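Report on one structure; see the data block that follows.
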Amino acid sequence: MSNPATLTLRVLARLLSYPDAELRGHLGDLSAALHSEQALGAARLGELDALLKSMRVRDPIEMEADYVQLFDRGRSTSLHLFEHVHGDSRDRGPAMIDLAQTYEKAGLYLAEGELPDYLPVVLEFVSTQPAREARAFLGEMTHILNAIFSALVKRESAYASVLGALLEIAGEKAQAVKVAEEPPLDESWEEPAVFGGCSTEGQARPGQPQPVRIVRKTAAGAAQGV
81 MSNPATLTLR VLARLLSYPD AELRGHLGDL SAALHSEQAL GAARLGELDA
131 LLKSMRVRDP IEMEADYVQL FDRGRSTSLH LFEHVHGDSR DRGPAMIDLA
181 QTYEKAGLYL AEGELPDYLP VVLEFVSTQP AREARAFLGE MTHILNAIFS
231 ALVKRESAYA SVLGALLEIA GEKAQAVKVA EEPPLDESWE EPAVFGGCST
281 EGQARPGQPQ PVRIVRKTAA GAAQGV
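Residue numbers in the sequence shown follow our numbering, run continuously in steps of one, and reach 306 at the last position.
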């Protein structure tokens, strides 16, 4: 069974990509594809039309800067899906490998530098699948899509319409949920201070001279690698 949303999924993938000159040069084609396929409801199409219109008239440099600020400098709006599932844990690597192998079994291979969990890449893959498989694949990630949708709604971003469209294709209703406040980026990426740094944390008498104990390494201990 062919996928009735093939073109729409590819358009949505492109809209979530970096808004470079190539993308801006094809906005009319993207709009035409959305309306020709009619895979989305009228209200959602209207929202996407508004997004496309804003991309036509906005200053390119400003638009690119806003995109980076929105998607590359916040975890709640990250387009890397495993960021929402595994974070920085070791489980992320094997999950990446499994997903890349899923693409390869379908005859699709990642371009150099592309990560398999990047949502535009995921959507390109889904667009090649039959309708039932595509919907099931999207269905497995609707909780992540809705979390990103909610974060975009909170930021009053027009990109929320793209995530809403994906949820609609998956057969789910886009419903914004409460999103926890994120710490500032510099704070969330800050390396922990070794032993509490040079602070008074852990000192028995902070503000007072602290004893330092030096233990001489014996010859026997040195030989044993102590």
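Beta carbons are placed, not taken as given, at the ideal position from N, Cα and C, and that holds for glycine. If you're wondering where the values come from, they're calculated on a predicted model, not measured in any experiment.
Under 8 Å between the Cβ atoms of residue i and residue j?
{"i": "A117", "j": "L87", "result": "Position check: residue 117 holds Glu in this sequence, whereas Ala was assumed. Cβ distance < 8 Å, so E117 and L87 count as in contact."}
{"i": "Q107", "j": "L128", "result": "Note that residue 107 is Leu in the sequence shown, not Gln. No, the pair does not count as a contact, with Cβ atoms beyond the cut-off."}
{"i": "L243", "j": "F229", "result": "yes"}
{"i": "L132", "j": "L199", "result": "no"}
{"i": "T222", "j": "L247", "result": "yes"}
{"i": "H164", "j": "A227", "result": "yes"}
{"i": "R90", "j": "S207", "result": "yes"}
{"i": "R235", "j": "L150", "result": "yes"}
Quick check on residue i: buried or exposed, where buried means 16 or more other Cβ atoms within 10 Å of its Cβ?
{"i": "A101", "result": "exposed"}
{"i": "P99", "result": "buried"}
{"i": "T182", "result": "exposed"}
{"i": "A191", "result": "exposed"}
{"i": "D139", "result": "exposed"}
{"i": "S134", "result": "exposed"}
{"i": "S279", "result": "Because the pLDDT of S279 is 40, which lies under 50, any placement of that residue in the model is unreliable, and the number read from its coordinates should be weighed accordingly. With fewer than 16 Cβ atoms within 10 Å of its Cβ, S279 is classed as exposed."}
{"i": "A254", "result": "buried"}
{"i": "A214", "result": "buried"}
{"i": "A145", "result": "exposed"}
{"i": "V233", "result": "buried"}
Could you give the distance in angstroms between the alpha-carbon of residue i and the alpha-carbon of residue j?
{"i": "S82", "j": "A250", "result": "15 Å"}
{"i": "A240", "j": "L120", "result": "15 Å"}
{"i": "M176", "j": "V201", "result": "12 Å"}
{"i": "R104", "j": "R94", "result": "10 Å"}
{"i": "H160", "j": "D197", "result": "5 Å"}
{"i": "P210", "j": "A231", "result": "30 Å"}
{"i": "D178", "j": "E184", "result": "10 Å"}
{"i": "P272", "j": "L225", "result": "Residue placement at P272 cannot be trusted, given a pLDDT of 43 that sits under 50; what the coordinates show is reported in the next sentence. For P272 and L225, the distance between alpha carbons rounds to 31 Å."}
{"i": "V257", "j": "S156", "result": "12 Å"}
{"i": "P84", "j": "V137", "result": "31 Å"}
{"i": "A112", "j": "A245", "result": "16 Å"}
{"i": "A180", "j": "D171", "result": "15 Å"}
Of all the CB atoms in chain D, is at least one closer than 8 Å to the CB of residue i?
{"i": "I141", "result": "Judged by its chain identifiers, the structure shown contains no chain D, having just a single protein chain."}
Restricting to Cα atoms, I'd like to know which of the options is closest to residue i.
{"i": "F205", "options": "G193, Y189, S158", "result": "Y189"}
{"i": "A238", "options": "L110, P84, G126, A85", "result": "G126"}
{"i": "G173", "options": "A130, L195, I141, R212", "result": "L195"}
List, from N- to C-terminal side, the alpha helix (DSSP H) runs of 4 residues or more that fit wholly inside the region 110 to 170. Scanning the region 110 to 170 for uninterrupted alpha helix (DSSP H) segments of 4 residues or longer gives 122 to 137, 140 to 147, 161 to 165, listed from N- to C-terminal end.
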